[in-house]
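Scroll down for the structure; my scribbles are underneath it.
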Amino acid sequence: MKVDEKDIRPIWFDDMSETVKVIDQRMLPHEFVVADLSTVDDVIRAIKEMVVRGAPLIGVTGAYGVYLATVHSETEADLMDECNRLKAARPTAVNLAWAVDRVLSEVLNVTLEFPEPSEALKESMTVARKAASAIAELEAENCRKIGEHGLELIQEISREKRGETVNLLTHCNAGWLACIEYGTATAPMYAAYEAGIDVHVWVDETRPLNQGARLTAWELGKCGIRHTVITDNAGGHLMQHGMVDLVIVGTDRTTGTGDVANKIGTYLKALAAKDNHIPFYVALPSSTFDWTLRDGVAEIPIEKRDPDEIRYVQGVDQDTTRSVLVPPVDSPATNYAFDVTPARLVTGFITERGICRAEEADIRRLFPEAR
Ligand code: MRU
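Structure, rendered in structure tokens:
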């Protein structure tokens, strides 16, 4: 996507230095910092500490992690261990395991084709790097298509409102920073804006790490889309007063039966949307479906993160980034990072293959081959 006239992605491979470069998302919006990932440990740290975050981007970063593992591993057993460590870096987004396994299986095919170890090693690195960059391209293209399909929903609302502003609401950051290009939830917003539809986006701040206030607001602002940052608890009130036409969120893992894990607080937005008869859509590429699970609430692993993310708030004070303590110093905090919205509260999915209802049979209509 363009930032100040320059094309930029949240991750890329730098051929000169043979390192993986990422935008350090902890520093946005006030500082733009690029970090280098040169080892598997760098990748794991970047994923755990949320230098990179968002399901598709975590997957692509893990995929480049497999490339770095081929560079630094001496045996196949080492490589497998490194891949297992990569997959354990964050538990909820299924894209991580999906992408790591996809690159690993291509690498393992090479070891079968080249019995000579030194040749196999060289070829493995090339194959892993190409496979990781292919996943990045695939996710970018999937998001572009999600934008095309989601645009139809916004066009319909715009027609019904006779061209009046279409008010969208989103939670967390499911934008290009989380997904290589376009984003998932934001792709239809960008497409609508490009098509000349008058859109305005309510951006949930998304405590505790404020991915909405820091990242979604920054992305939308850079592209010129009108938006307003709101507290996480404001959505219900706005919906009751007819100020939201459509909710679109992303997801970190969605079961084949339609249950959706996404950033903590998504479930409450879905409940409020249902109560107010407002369509609640989830935008996702197929890499975010977990076809092995049927009951999202019971089965999707929910990440618990450091309570200090709740206790301290980061911001800028006179050009200096500072972290300040909010609750009493001895009050305990607990930090569930995701929740699960049951399929019954989801109006539909916007995928790269089109739109479907949040029901197993309709999801299968779009992805009949999935296992
Ligand atoms: O903890 P994060 O910032 O990685 O959580 C991100 C989200 O919850 C996004 O909504 C989700 O990954 C979808 S990104 C297209």
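The working numbering applies: residue 6 is where the sequence shown begins, and numbers increase by one. Every residue gets a Cβ at the ideal spot worked out from N, C-alpha and C, and that includes glycine. Everything numeric in this text was worked out from a predicted model, so none of it was measured.
Closer than 7 Å: residue i CB and nearest ligand 1 heavy atom
i, result
"residue 67", "no"
"residue 201", "no"
"residue 267", "yes"
"residue 102", "no"
"residue 60", "yes"
"residue 188", "yes"
"residue 184", "yes"
"residue 216", "yes"
"residue 141", "no"
"residue 240", "no"
"residue 75", "no"
"residue 256", "yes"
"residue 275", "no"
"residue 178", "yes"
"residue 98", "yes"
"residue 342", "yes"
"residue 32", "no"
Straight-line gap, residue i to residue j (C-alpha atoms, nearest Å)
i, j, result
"residue 164", "residue 215", "33 Å"
"residue 134", "residue 283", "43 Å"
"residue 206", "residue 340", "27 Å"
"residue 53", "residue 94", "6 Å"
"residue 87", "residue 129", "15 Å"
"residue 227", "residue 9", "7 Å"
"residue 183", "residue 143", "14 Å"
"residue 185", "residue 219", "17 Å"
"residue 295", "residue 259", "6 Å"
"residue 224", "residue 6", "9 Å"
"residue 290", "residue 335", "42 Å"
"residue 68", "residue 92", "10 Å"
"residue 145", "residue 180", "11 Å"
Enclosing alpha helix (DSSP H) for residue i [first to last residue]
i, result
"residue 107", "100 to 118"
"residue 40", "Unbroken run through residue 40 is the beta strand (DSSP E), 39 to 42; no alpha helix (DSSP H)."
"residue 335", "Note, residue 335: premise wrong, no alpha helix (DSSP H); not H, not E."
"residue 240", "240 to 245"
"residue 271", "271 to 280"
"residue 252", "First-last for residue 252: 251 to 254, but that is the beta strand (DSSP E), not the alpha helix (DSSP H)."
"residue 296", "Note, residue 296: premise wrong, no alpha helix (DSSP H); not H, not E."
Residue i - partner residues in DSSP beta bridges
i, result
"residue 127", "Residue 127 pairs with nothing; no bridge assigned."
"residue 353", "286"
"residue 172", "205"
"residue 361", "354"
"residue 341", "309"
"residue 258", "266"
"residue 235", "209"
"residue 16", "27"
Any chain D beta carbon closer than 8 Å to residue i
i, result
"residue 326", "No chain D appears in this structure, which consists of one protein chain only."
Three-way DSSP call (helix, strand, coil) for residue i in this model
i, result
"residue 78", "coil"
"residue 184", "helix"
"residue 266", "strand"
"residue 56", "coil"
"residue 207", "strand"
"residue 62", "helix"
"residue 11", "strand"
"residue 28", "strand"
"residue 325", "strand"
"residue 151", "helix"
"residue 230", "coil"
Span of the beta strand (DSSP E), counted from its first residue to its last, around residue i
i, result
"residue 381", "An answer regarding residue 381 cannot be provided, because it is not within the stretch 6 to 376 covered by the chain."
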